[in-house]
Amino acid sequence: MKKLIYFLLTGLLLVNCSNDDSFISSADRNVVSDDRSVSFEELLILINLKSTDSTYLVVKSIDSVNIFINNYYWAKINSQTLDTSKVDKFLVGNKYQSRNKINYLVIANQDIEQPAYETAGEFARYLNAAYELKPGEYACLIESFQLTFSDLSTKKYFPHEYAVFKVEQNSRSAFAGEIEIKLN
Numbered sequence: 135m136k137k138l139i140y141f142l143l144t145g146l147l148l149v150n151c152s153n154d155d156s157f158i159s160s161a162d163r164n165v166v167s168d169d170r171s172v173s174f175e176e177l178l179i180l181i182n183l184k185s186t187d188s189t190y191l192v193v194k195s196i197d198s199v200n201i202f203i204n205n206y207y208w209a210k211i212n213s214q215t216l217d218t219s220k221v222d223k224f225l226v227g228n229k230y231q232s233r234n235k236i237n238y239l240v241i242a243n244q245d246i247e248q249p250a251y252e253t254a255g256e257f258a259r260y261l262n263a264a265y266e267l268k269p270g271e272y273a274c275l276i277e278s279f280q281l282t283f284s285d286l287s288t289k290k291y292f293p294h295e296y297a298v299f300k301v302e303q304n305s306r307s308a309f310a311g312e313i314e315i316k317l318n
């Protein structure tokens, strides 16, 4: 009888050891849902600024790019900074220009104001502000942006340029394409 109890206890110990979840990552242990879908987070856009028929504007970055997706506010973001010292350019007035097309990369994550969550209502407003992009086709609007020129003067532009993009199932980002904006 003692041998049988000893045998059962040893078996239970082995079963418990084999169920050890130490090989499961801490992120998997904290997951409430077993849904492994990836949510959409960012939109990628290439913008080039055409100043005349044959030249493009050269700036360090495009500032305060105001983006809407299907008429919903998405983000106000700066483009990635460009090292203009390595660009073949010439000065016209207070603006650098180049005969080569220059693309500025904009990586737009959804911009949602995050309140301090003092009340349940503030948290609810935060959740309601999130605009989830499900798989499908969307229109991206570049509503406005600001440029800083070589003399540190700034000018705001309102191009109202659209680009169409598609969100795929379980994709983290989408490429809206290249947008050429003609400046006056």
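So for the sequence shown, the working numbering puts the first residue at 135; every next one is plus one.
Beta carbons: idealized from backbone N, C-alpha and C, even for Gly.
- Taking the Cα of Ala310 as reference, the smallest distance to any Cα among Lys194, Tyr190 and Gly270 is reached at Gly270.
- Counting along the chain, Ile179 sits inside the beta strand (DSSP E) bounded by residues Glu176 to Lys184.
- In the structure shown, Ser219 adopts helical secondary structure according to DSSP, grouped into three states.
- The Cβ atoms of Tyr238 and Ser284 do not sit closer than 9 Å to each other.
- Three or more Cβ pairs closer than 8 Å define a contact, and the region 226-236 meets that threshold against the region 185-201.
- Phe292 carries a coil assignment under DSSP once its states are collapsed to helix, strand and coil.
- Per the coordinates, the alpha-carbon of Asn243 lies some 23 Å from the alpha-carbon of Ile236.
- By the Cβ test, the region 172-191 is in contact with the region 286-306, since at least three Cβ pairs between them sit closer than 8 Å.
- In the DSSP assignment, Glu314 falls within the unbroken beta strand (DSSP E) covering Ser307 to Lys316.
- Remark: C-beta atoms of Lys210 and Val199 approach each other more closely than 9 Å.
- Within the same chain, Phe202 and Tyr296 come within 6 Å of Leu275 by CB-CB distance, once the 5 residues on both sides are set aside.
- Assignment of Tyr251 by DSSP, reduced to helix, strand and coil, places it in the coil class.
- Residue range Asp197 to Ile203 is occupied by the beta strand (DSSP E) that includes Asp197.
- By the criterion of a C-beta distance shorter than 7 Å, His294 is surrounded in its chain by Leu275 and Glu277, once the five residues flanking it on both sides are discounted.
- The C-alpha of Asp245 is placed about 6 Å away from the C-alpha of Trp208.
- By the neighbour-count criterion, in which a residue is buried when 16 or more other Cβ atoms sit within 10 angstroms of its Cβ, Lys223 is buried.
- Under the 10 Å beta carbon count, Ser213 is surrounded by 16 or more other beta carbons and is classified as buried.
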